[in-house]
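Visitor:
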Ligand code: G3P
Ligand code: MG
């Protein structure tokens, strides 16, 4: 059964990358959660998409310049709706604790395309290991050098290459990186190559697929997972297949 990855949690219904969004995703039938990790000034791993906290908290600063304590004082819910006032930017540990108890897959996207957080790969891997979740995690990134480092540090943890363009024979490229999965933008998915990738042992988890007809097209192409803001829509579709 393809993995139903809730993109930044159930971000269609809750403020993205908050515990409210992650918990809601589980309620709606997600079997995986996609999240974005960045690092604070004091080296803590936190779950937020942007390098800056401005869009989701209203405070104008970069994550890398705030301590964890400073960042935790910010409200990450109210921008979405008053109903979510008091939500904070979670730590990676908080999500991993939830994932362990709910037994779901976590796709941790390393957000080190613009800011080269020192030792991000090692810290993420150590945290995953501390929770005993090595076989329930996929590490992904648009920074493919970083994915090569992850594979070197932890050959047993799956990696997925994120990309926005139509790569030529992406399964061959994945193999050169030792990657286990392709995480393409949905437009780059073609049934022929999903099959070829699968034959080469490479999974395919496209993003961000929100419309049921698009989800259907991905499932018909044979993808191994779908990253969506609306895990309830995908759960309903998957039910019709069983
Ligand atoms: O991991 C899939 C997707 O999250 C990649 O794009 O910008 O939403 O992190 P973005
Ligand atoms: Mg992401």
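Residue numbers (the working numbering): 1060 to 1301. Beta carbons: idealized from backbone N, C-alpha and C, even for Gly.
#1: Between residue 1199 and residue 1221, is the Cβ-Cβ spacing less than 8 Å?
#2: For the segment 1095–1108 and the segment 1164–1173, state whether three or more C-beta atom pairs, one from each stretch, are separated by less than 8 Å.
#3: By the three-class DSSP mapping on this structure, what secondary structure does residue 1087 have?
#4: Grab me the residues of residue 1071's own chain with a C-beta within less than 6 Å of its C-beta, minus the 5 sequence neighbours each way, in chain order.
#5: Runs of 3 residues minimum, wholly inside the segment 1087–1111: which ones carry the beta strand (DSSP E) assignment?
#6: In whole angstroms, what separates the C-alpha of residue 1183 from that of residue 1162?
#7: Output the distance between the C-alpha atoms of residue 1142 and residue 1080, rounded to the nearest integer angstrom.
#8: For residue 1150, write down the residues that DSSP places opposite it in a beta bridge.
#9: Going straight from the alpha carbon of residue 1275 to that of residue 1294, what length do you get?
#10: With a threshold of 16 other CB atoms inside 10 Å of the CB of residue 1243, please say whether the residue is buried or exposed.
#11: Just to check, is the beta-carbon of residue 1168 closer than 7 Å to a non-hydrogen atom of ligand 1?
#12: By alpha-carbon positions, which one of 1092, 1218, 1254 ends up nearest to residue 1075?
#13: Below 8 Å on the Cβ atoms is my contact criterion, and I expect residue 1281 with residue 1250 to pass it. Report the Cβ-Cβ distance as a whole number of Å.
#14: Mark residue 1068 as exposed unless 16 or more other C-beta atoms lie within 10 angstroms of its C-beta, in which case mark it buried.
#15: Using a Cβ-Cβ cutoff of less than 6 Å, which residues in the same chain neighbour residue 1174 once the five nearest sequence positions on both sides are dropped?
#16: Taking only runs of the alpha helix (DSSP H) that begin and end inside the segment 1223–1280, which ones reach a length of at least 4 residues, in chain order?
#17: Does any C-beta atom of chain B lie closer than 8 Å to the C-beta of residue 1110?
#18: Residue 1217 bridges to which residues according to DSSP?
Guide: Judging by the given coordinates:
#1: Residue 1199 sits at position 140 when you count from the first residue of the chain shown. Residue 1221 sits at position 162 when you count from the first residue of the chain shown. Yes, they are a contact pair.
#2: yes
#3: What you label residue 1087 is simply residue 28 of the chain shown in a count that begins at 1. Coil at residue 1087, not helix or strand.
#4: Within the chain shown, the letter at position 12 stands for residue 1071. Excluding sequence neighbours, residue 1071 sits near 1288, 1289.
#5: 1091–1098, 1104–1106
#6: For this step, residue 1183 is matched to residue 124 along the chain shown. For this step, residue 1162 is matched to residue 103 along the chain shown. In a straight line, the C-alpha of residue 1183 is about 19 Å away from that of residue 1162.
#7: On the chain shown, residue 1142 is found 83 positions in, with the first residue counted as 1. On the chain shown, residue 1080 is found 21 positions in, with the first residue counted as 1. Cα to Cα, residue 1142 sits roughly 13 Å from residue 1080.
#8: By 1-based counting over the chain shown, the position of residue 1150 is 91. Beta-bridge pairing links residue 1150 to 1105.
#9: Here residue 1275 is taken as the residue at index 216 of the chain shown, counted from 1. Here residue 1294 is taken as the residue at index 235 of the chain shown, counted from 1. C-alpha separation (whole angstroms): 12 Å.
#10: For the purposes of this step, residue 1243 is identified with residue 184 of the chain shown, where counting begins at 1. Buried: at least 16 other Cβ atoms inside 10 Å.
#11: Taking the first residue of the chain shown as position 1, residue 1168 is located at position 109. Within the cutoff, so yes.
#12: The sequence position of residue 1075 within the chain shown is 16, counting from 1. Among 1092, 1218, 1254, the Cα nearest to that of residue 1075 belongs to 1092.
#13: The residue you call residue 1281 lines up with position 222 of the chain shown. The residue you call residue 1250 lines up with position 191 of the chain shown. Confirmed, about 7 Å.
#14: In the chain shown, counting from the first residue as 1, residue 1068 sits at position 9. Residue 1068 should be labelled buried.
#15: One-based indexing of the chain shown puts residue 1174 at position 115. For residue 1174, where only same-chain residues beyond five positions count, the Cβ hits under 6 Å are 1110, 1123.
#16: 1229–1236, 1250–1258, 1271–1280
#17: Absent from the structure: chain B. Only one protein chain is present.
#18: As a working note, residue 1217 is residue 158 in the chain shown. In DSSP, residue 1217 forms a bridge with 1197.
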